[in-house]
Amino acid sequence: MAADALRPARMRPRDVIKVGAVGLRTRPTRAFLSALGIAIGIAAMVAVVGISSSSRADLDRALASLGTNLLTVSPGTTMAGGQARLPAEAEAMVGRIGPVKSVSAIGHVDGAKVYRTGKVPAAETKGIAAYAARVDLRAAIGAEVRSGTWLNAATAAYPATVLGATAAERLGIGQVRPGTQVLIGGEWFTVVGVLAPAPLAPELDTAALVGWPAAESELGFDGRPTTVYTRSEESRVESVRSVLGATANPEAPNEVEVSRPSDALAAKQAAGEAFTGLLLGLGAVALLVGGVGVANTMVISVLERRAEIGLRRSLGATRGQIRTQFLAESLLLSALGGTGGALLGTAVTAGYALYQGWPAVLPPWAVLGGVAATLAIGALAGLYPAIRASRLAPTEALATT
1 MAADALRPAR
11 MRPRDVIKVG
21 AVGLRTRPTR
31 AFLSALGIAI
41 GIAAMVAVVG
51 ISSSSRADLD
61 RALASLGTNL
71 LTVSPGTTMA
81 GGQARLPAEA
91 EAMVGRIGPV
101 KSVSAIGHVD
111 GAKVYRTGKV
121 PAAETKGIAA
131 YAARVDLRAA
141 IGAEVRSGTW
151 LNAATAAYPA
161 TVLGATAAER
171 LGIGQVRPGT
181 QVLIGGEWFT
191 VVGVLAPAPL
201 APELDTAALV
211 GWPAAESELG
221 FDGRPTTVYT
231 RSEESRVESV
241 RSVLGATANP
251 EAPNEVEVSR
261 PSDALAAKQA
271 AGEAFTGLLL
281 GLGAVALLVG
291 GVGVANTMVI
301 SVLERRAEIG
311 LRRSLGATRG
321 QIRTQFLAES
331 LLLSALGGTG
341 GALLGTAVTA
351 GYALYQGWPA
361 VLPPWAVLGG
371 VAATLAIGAL
381 AGLYPAIRAS
391 RLAPTEALAT
401 T
């Protein structure tokens, strides 16, 4: 019974939290400033990760618009030195390649000259060519319509055309107006749209695009594509490129030219590696600063609270309970700072991304990892002060009062 009476009381988790919060409640200003220092460090890490991720997302979007996964297939030259031709089934065959996500094509309409009116001399073609175009061409190359509309399933079968940016300028058509027509291959076509400059397909800037069915019925188009555009999974671009020639023209793969992947893909990969290294470095520095702040606060707390430690030890608190008290206080301080910093960093990321017009991207690991890392570093930073506090003898601690 005597041994049981001297056994120290066991502290439940709720008691540990209450005892650990004593130092924070009795010195609220210092606790606030210490938590603020931690919060600033974590907010800096979260904001750096968030802003960099948002910037990277904007960069990825810009690079994607440049065609990082775009490959084009066009006819090359024959063994005799003449101009080769793609088979009419080339587009369908390319579409059966597994990693290919979308396929579209244009076909040059031989002999179809484009004029503003029938009174223009035949020699003044102004370098404008007529092409048959698939309805899904605009989506495949990422072209934008500056005025009017793009071809659809209905207009593609009728004498309607969409002009490239340069072609519209040379024909004196700035905005699409009802009834505007141009002469293509001796037939009148209604202008339904004007494209913005297409950096991925500059040949379209000087083109008059008509629907595939209309080109066959109105202009005598033979149905053979002259350029096939493919979008593939980025990780499979090289493998798709290696089989495109043989797939588009199995009888003469050597007569097919396949574009090389955009240099933007390499730039995208390099940017990703650079951003990753930057984030890791800055995150480590921010966490180190936060850990030093916690350690400094807890060491000072131990020095100032020697009398409290001595009194608790005199009343029967064990060394383990003293260690638990100061570790709990360190963890609570870190949790307050880490949570506040994560919220602050999230707000800064959202605000800056909105200001820059970027998509706001904040990886969950940045927020959760920042708080978790703060707790881990807070525990390490509070370990030495906790051990130091537990080693104080009651008489020594009380003698300092």
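The opening residue of the sequence shown carries number 1 in the UniProt record's numbering; numbering runs sequentially from there. Idealized CB from N, CA, C, for every residue including glycine. None of the values given here were measured: they were computed from a predicted structure.
_Let me make sure I understand the geometry here. Which of Ser390, Ala157, Thr161, Ala90 has the alpha-carbon closest to that of Ser314?_
Ser390
*Alpha carbon to alpha carbon, what distance is there between Pro121 and Leu183?*
12 Å
*What residues are listed by DSSP as bridge partners for Pro75?*
Val256
*Is the segment 246-256 touching the segment 75-88 in the sense that three or more CB pairs, one from each, lie closer than 8 Å?*
yes
*Does DSSP classify Gln83 as helix, strand or coil?*
strand
*What are the start and end residues of each continuous alpha helix (DSSP H) run of 4 or more residues lying completely inside the segment 150-204, in chain order?*
165-170
*asked:* Along the chain, where does the beta strand (DSSP E) containing Val228 start, and where does it finish?
replied: 227-232
*Continuous beta strand (DSSP E) stretch holding Ala133: start and end*: 129-133
*Do Ser34 and Val361 have their C-beta atoms closer together than 8 Å?*
no
*asked:* Here's the rule: buried if 16 or more other CB atoms are within 10 angstroms of the residue's CB, otherwise exposed. What is Gln321?
replied: buried
*Hey, does Leu343 have any beta-carbon neighbour from chain B nearer than 8 Å?*
Looking at the structure shown, chain B is missing, and only one protein chain is on hand.
*Enumerate in chain order the residues of its own chain whose CB-to-CB distance from Pro75 is below 6 Å, with the five nearest sequence positions on each side excluded.*
Ala84, Arg85, Leu86
*Taking the alpha-carbon positions, what's the Val237 to Pro363 distance?*
27 Å
*asked:* For Asp222, tell me which candidate among Trp188, Tyr131, Thr161, Ala248 has the shortest Cα-Cα distance.
replied: Tyr131
*Span of the beta strand (DSSP E) holding Ile106?*
100-115
*Compare the C-alpha of Gly50 against each of Asp136, Ala139, Gly370 and name the closest.*
Gly370
*Counting Cβ pairs closer than 8 Å, one from the segment 93-110 and one from the segment 150-165, do we hit at least three?*
no
_Reference Leu244; option with closest CA among Arg96, Ser55, Arg25, Leu204_ = Arg96
*Determine the closest residue to Gln181 out of Arg170, Ile173, Thr190, with distance taken between C-alpha atoms.*
Thr190
*Option nearest Ala167 by Cα separation, candidates Ala335, Ile300, Val194, Gly351*: Val194
*How many Å lie between Thr377 and Ala342 at the Cα?*
Sequence inspection shows Ile at residue 377; the Thr mentioned does not correspond to that position. Taking the straight line from one Cα to the other gives about 15 Å.
_Can you give me the C-alpha to C-alpha distance between Ile128 and Ser217, rounded to a whole angstrom?_
21 Å
_Quick test of your reading: Val94 and Ala215, contact by CB under 8 Å. State the CB separation rounded to the nearest angstrom._
In fact, because the Cβ distance is near 20 Å, the residues do not count as touching under 8 Å.
_Cut-off 6 Å between Cβ atoms - residues of its own chain near Val289, not counting five sequence neighbours on either side_ = Gly41
*Gly148 beta carbon less than 8 Å from that of Val192*: yes
*Would the beta-carbon of Pro213 fall within 8 Å of that of Ala156?*
yes
*Just checking my contact of Leu59 with Val240 at CB under 8 Å: how many whole Å lie between their CB atoms?*
Not confirmed; about 24 Å, so no contact.
*C-alpha gap between Tyr384 and Arg25, whole angstroms*: 22 Å
_Contact set for Ala196: own chain, Cβ-Cβ below 8 Å, skip 5 residues either direction_ = Ala143, Glu144, Val145, Arg146, Ala165
*For Tyr355, is the classification buried or exposed, using 16 other Cβ atoms within 10 angstroms of its Cβ as the cut-off for buried?*
exposed
_Distance, Gly337 Cα to Ile309 Cα_ = 25 Å
*How many whole angstroms separate the CB atoms of Gly345 and Ala43, which I take to be in contact at a CB cut-off of 8 Å?*
4 Å
*Determine the DSSP secondary structure at Gly148, reduced to helix, strand or coil.*
strand
*When Gly185, Thr77, Thr349, Arg27 are compared against Ser116, the one with the closest alpha-carbon*: Before going on, a small fix: residue 116 reads as Arg here, not Ser. Considering only alpha carbons, the answer is Gly185.
*Please name the residue, chosen from Ala31, Val302, Leu171, Ser259, that lies closest to Ala208 on a Cα-to-Cα basis.*
Leu171
*asked:* I'd like the list of long-range same chain contacts for Gly340, defined as Cβ closer than 6 Å, with 5 residues on each side in sequence excluded.
replied: Ala39
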